[in-house]
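Colleague: The following block contains the structure, expressed as structure tokens.
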Amino acid sequence: MSSLVFVQILNGLQLGVLLFLIAAGLTLVFGVMDFINLAHGVQYMLGAYLAVAFYGLTGSFLVALVLALAATLAFALALEVLVFRRLYGRDHLDHVMATFGIILFLNHGVKLAWGAAPLSLPIPDLLSGSVSLMGGLRYPVWRLVIIGAGLAVAAGLYVLVGHTRIGMLVRAGATNARLVSALGVDISRLFMLVFGFGAMLAGFAGIMIAPILSVEPGMGDTILILAFVVIVIGGIGSIRGAFLAALMIGLVDTLGRSFAVDVLRLFMGPSPARTVGPALASMLIYVLMAIVLYLRPAGLFPAKGR
Amino acid sequence: MAAAAPIDLGPAPATARAGIVVPGLIFGVLAGLPIAALVVPENYLLDLGTRIMIFAIAAVALDLVVGYGALVSFGHAAFIGLGAYAVGMLAAHGIGEVLVALPAALAASVLFALATGAVSLRTKGVYFIMITLAFGQMAFFTASSLAPYGGDDGLTIAARNTLVGIPIFKYPRGLYYVVLAALAGTFFLCRAIVASRFGRVLRGAKENATRMATLGFEVYRFQLVAYAISGGLCGLAGFLLANANDFVSPAYMSWQRSGELIIMVLLGGIGTLYGAIIGAASYLLIEEFLSRVTEYWQVIFGPFLVLVVVFGRGGLVGLFAWPWRRRHG
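Note that the protein sequences, when read in sequence, are chains A and B. Using this note's numbering, read the first sequence as starting at 8 and increasing by one per residue. Using this note's numbering, read the second sequence as starting at -8 and increasing by one per residue.
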């Protein structure tokens, strides 16, 4: 039992760091540009699709990873210049409508390009095995690689945002973008940088998860909603909040799904527990979010000082 | 404090005229559609018209809170789903009486709106969008787990509701006119609300909540009541939708549906009420015709939405009203 819990904790961590990779960009775009980007989830999907495509061309995971990252970045920058740049400072509703349109376009565009059937990306041979944990349980290496990569990105972001000049500008932008602009910083270049970097992180998440999940249209939609839950709980604009909230959501969701039925059986018969359990598990994170927002209407670590 | 806003001298003449002419045109066309359906010998037109009007009811209800209260709800599909599930669950127990099912649908959606609104309205702006989304997702997952009522697969309704034994929904034409009456009722109710003192407080709070609070209004209560009315009207739309489709499913409550409702309101032109009807009609008609051209109609529709946002501020109504404004303004 205890080793099973341990495995689920690892799975929860893996979902958590994945969510962090997506939420980090989302929270910065939100915090710095005050822009609701529903299309952030399709960047994640696009990363996965591009990785599959480049893998098909080159046969090397590493090359596919690099090319897919570059392509995701290029696509995000093009999107920023062509569309999003015109919408900063507009009403949030305009953001919702435009990015919803982009979701529709890309979700169905990938069907045109690659077909509606799910695709898969093989795990690199070197990392395809599993390691044995305590109690003789085996755990896939690739999931550990995802956790490691996610934590490395988190550490990198911590240094980048907390201890560099550009990070200082980003933090200042999240607190008061107009003031930063008035101080002579080229805010539109900063916006473009943040946007491209955030989208690339989402693409990276998509590439890393592609060997485990199937690559299919709409795969970004579910994860987008989870990422929104993360950044709202963490406090919009806060990388630290996003990190902690992502791990919290990852663990709560995974452990809830694994053990809700068992826990409920302590209180009720096995049959109602099997009915209520899964429903409660799917709802758990939304309940958590509602409670957090009820107690702290601006999330746990609000970036805007006011 | 924000600078004093310019005094509102009421709507400009062109807008006022549009407020009479456009709804008149809309309801004229809708009332006349069944006559055209006599020439086109199929129920296709009536089905499409019915579907458009049902979503128009929900869109008008959403416009009431989004357009006049700046309360951007991203979970309004849940209210439609609740209304629909009230019909479906009662029908599963053999109850098909409108006088039972309609109050049940309204009560379920209004109570859900009051409960979730009480929590959501503590937050503002983006947080409000997200918390309503969260409540919508909760309703979605609850519906998905209702194993006795079909779970993920949804629930087929054996017989449409009857009004004291009269099968008012049985024939397409009857259903059409009932839905038309419901849409007209919704539209004029919302219009009356917007014009009333209640509506002015709501609009005042949209402009500046602090000022309204300083004037002595408990803004929170006004917003909560508006939210509940809006939720209840979406419950009405759900009630009609269940009867029109003979089917309910958790998909009615998905967040994409909530997004579509927002798009309908924006597409038609926010804060006009009749714009929401035009938006719902445009959305569903574009879907209808593009999906005949290509299976992947969203590939065309997506960029179209982006273009409307970038170039047509104020949605389609704004786009079409532009030459008018130029001439008369």
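Where is the CB? At the ideal position from N, CA and C, for every residue including glycine. Remember, predicted model here, so these are calculated numbers, not experimental data.
Measuring only the C-alpha atoms, how far is valine 70 of chain A from glycine 116 of chain A?
Modeller: Cα to Cα, valine 70 of chain A sits roughly 24 angstroms from glycine 116 of chain A.
Colleague: Using the C-alpha atoms, what's the distance from glycine 10 of chain B back to glycine 312 of chain A?
Modeller: With a pLDDT of 46 at glycine 312 of chain A, under the threshold of 50, the predicted position of this residue should be treated as unreliable, and no value is reported.
Colleague: Please list, in chain order, all residues of the same chain as valine 170 of chain B whose beta carbon is under 7 angstroms from its beta carbon, the five residues on each side excluded.
Modeller: These residues qualify, in order along the chain: Thr41, Met44, Ile45, Leu231.
Colleague: Which residues in chain B sit within 7 angstroms of isoleucine 243 of chain A, going by Cβ to Cβ distance?
Modeller: In chain order: Val117.
Colleague: For histidine 170 of chain A, count the other beta carbons within 10 Å of its own beta carbon; 16 or more makes it buried, fewer makes it exposed. Which is it?
Modeller: Exposed, because fewer than 16 other Cβ atoms sit within 10 Å of the Cβ of histidine 170 of chain A.
Colleague: Comparing alpha-carbon positions, which option in A/Leu113, A/Gly66, A/Leu94, A/Ser245 lies nearest isoleucine 291 of chain B?
Modeller: Checking every option, the nearest Cα to that of isoleucine 291 of chain B belongs to A/Leu113.
Colleague: Within 10 angstroms of its Cβ, does tyrosine 274 of chain B collect 16 or more other Cβ (buried), or is it exposed?
Modeller: Counting Cβ neighbours within 10 Å, tyrosine 274 of chain B comes out buried, since at least 16 surround it.
Colleague: Would a check of beta-carbon distances place phenylalanine 292 of chain B closer than 7 angstroms to chain A?
Modeller: Yes, its Cβ sits closer than 7 angstroms to a Cβ of chain A.
Colleague: Counting only beta-carbon atoms, is isoleucine 298 of chain A nearer than 7 angstroms to chain B?
Modeller: No, isoleucine 298 of chain A does not count as interfacial toward chain B.
Colleague: Residues in its own chain within less than 7 angstroms of isoleucine 277 of chain B by CB, not counting five upstream and five downstream?
Modeller: So the list reads Phe292, once near-sequence residues are dropped.
Colleague: Taking any Cβ of chain A, which residues in the region 201 to 225 of chain B have a Cβ under 7 angstroms from it, in chain order?
Modeller: Going along the region 201 to 225 of chain B in chain order, one finds no residue with a Cβ nearer than 7 angstroms to chain A.
Colleague: What would DSSP say about serine 100 of chain B, mapped onto helix, strand or coil?
Modeller: The answer is helix: DSSP assigns serine 100 of chain B an H, G or I state.
Colleague: At a Cβ cut of 8 angstroms, what residues of the region 106 to 117 of chain A count as close to chain B, listed as they run along the chain?
Modeller: Listed in sequence order: Phe107, Gly108, Ile109, Ile110, Leu111, Phe112, Leu113, Asn114, His115, Gly116.
Colleague: Of the residues B/Ile220, B/Gln247, B/Arg191, which one's Cα is nearest the Cα of tyrosine 59 of chain B?
Modeller: Out of B/Ile220, B/Gln247, B/Arg191, B/Arg191 has the C-alpha closest to the C-alpha of tyrosine 59 of chain B.
Colleague: Can you tell me whether DSSP reads tyrosine 146 of chain A as helix, strand or coil?
Modeller: DSSP places tyrosine 146 of chain A in strand when its eight states are reduced to three.
Colleague: Using a Cβ cut-off of 9 angstroms, pull out every chain B residue sitting near isoleucine 43 of chain A, in sequence order please.
Modeller: By Cβ distance, chain B contributes Val117, Ile120.
Colleague: Inspect the beta-carbon positions of valine 256 of chain B and valine 57 of chain B and report whether they are closer than 7 angstroms.
Modeller: Contact: yes.
Colleague: Assign histidine 102 of chain A to buried or exposed, taking buried as 16 or more other Cβ atoms, counted over all protein chains shown, within 10 Å of its Cβ.
Modeller: Label assigned to histidine 102 of chain A: buried.
Colleague: If I follow the unbroken beta strand (DSSP E) through serine 318 of chain A, where does it start and stop?
Modeller: For residue 318 of chain A there is no data in the structure shown, the boundaries of chain A being 8 and 313.
Colleague: Per DSSP, what are the beta-bridge partners of leucine 146 of chain B in this structure?
Modeller: DSSP lists B/Val239 as partners of leucine 146 of chain B.
Colleague: Taking the straight line between their C-alpha atoms, what separation do you get for proline 309 of chain A and glycine 242 of chain A?
Modeller: Looking at the two C-alpha atoms, the distance is approximately 4 angstroms.
Colleague: What does the Cβ neighbour count give for arginine 212 of chain B, buried or exposed, with the cut at 16 atoms within 10 Å?
Modeller: Exposed is the call here.
Colleague: Report yes or no: do the region 162 to 181 of chain A and the region 83 to 100 of chain A share at least 3 C-beta pairs separated by less than 8 angstroms?
Modeller: With a cut-off of 8 angstroms, the region 83 to 100 of chain A and the region 162 to 181 of chain A do not count as touching, because too few Cβ pairs lie within range.
Colleague: Go ahead and pull the three-state DSSP assignment for proline 4 of chain B.
Modeller: For proline 4 of chain B, the pLDDT reaches just 48, beneath the cut-off of 50, and the residue's location in the model is therefore unreliable, leaving the point undetermined.
Colleague: Can you list, in chain order, the stretches of the beta strand (DSSP E) that have 3 or more residues and sit fully within the region 237 to 271 of chain A?
Modeller: Taking only runs of at least 3 residues, no beta strand (DSSP E) segment lies wholly in the region 237 to 271 of chain A.
Colleague: With respect to the alpha helix (DSSP H) encompassing tyrosine 35 of chain B, which residues constitute its N-terminal and C-terminal limits?
Modeller: 35 to 60 is the span of the alpha helix (DSSP H), which, as asked, contains tyrosine 35 of chain B.
Colleague: In the DSSP assignment, find the unbroken alpha helix (DSSP H) run with aspartate 101 of chain A in it and report its ends.
Modeller: Where aspartate 101 of chain A is concerned, the enclosing alpha helix (DSSP H) stretches over 99 to 121.
Colleague: What ranges does the beta strand (DSSP E) occupy inside the region 259 to 305 of chain B, keeping only unbroken runs of at least 3 residues that lie completely in it?
Modeller: Qualifying beta strand (DSSP E) stretches: none in this window.
Colleague: Taking the alpha helix (DSSP H) that threonine 177 of chain B falls in, what are its first and last residues?
Modeller: Start and end: 163 to 186.
Colleague: Contact defined as beta carbons within less than 8 angstroms: I believe glycine 222 of chain B pairs with phenylalanine 70 of chain B. What is the distance between those atoms, to the nearest angstrom?
Modeller: Contact holds; Cβ gap of about 4 angstroms.
Colleague: Is the separation between the beta-carbon of glycine 79 of chain B and that of isoleucine 159 of chain B shorter than 7 angstroms?
Modeller: No. Outside cutoff.
Colleague: Could you list the residues in the region 225 to 249 of chain A with a C-beta less than 8 angstroms from some C-beta on chain B, going in chain order?
Modeller: The region 225 to 249 of chain A vs chain B, Cβ under 8 angstroms: Asp228, Ile232, Phe235, Val236, Val239, Ile243.
Colleague: Got a sec? Which residues, its chain only, sit under 8 angstroms from alanine 130 of chain B by beta carbon, not counting five neighbours each side?
Modeller: Excluding sequence neighbours, alanine 130 of chain B sits near Gly66, Ala69, Gly72, Leu73, Phe103, Met244.
Colleague: For the alpha helix (DSSP H) containing leucine 112 of chain B, name the first residue and the last one.
Modeller: Unbroken run through leucine 112 of chain B: none, as it is neither H nor E.
Colleague: Cutting at 6 angstroms between CB atoms, please list the residues of its own chain near leucine 140 of chain A, excluding the five before and the five after it.
Modeller: The answer, listed in chain order, is Tyr146.
Colleague: Judging by CA-CA distance, which residue of B/Ala61, B/Gly260, B/Ile48, B/Leu281 is the nearest neighbour of lysine 115 of chain B?
Modeller: Answer by Cα proximity: B/Ala61.
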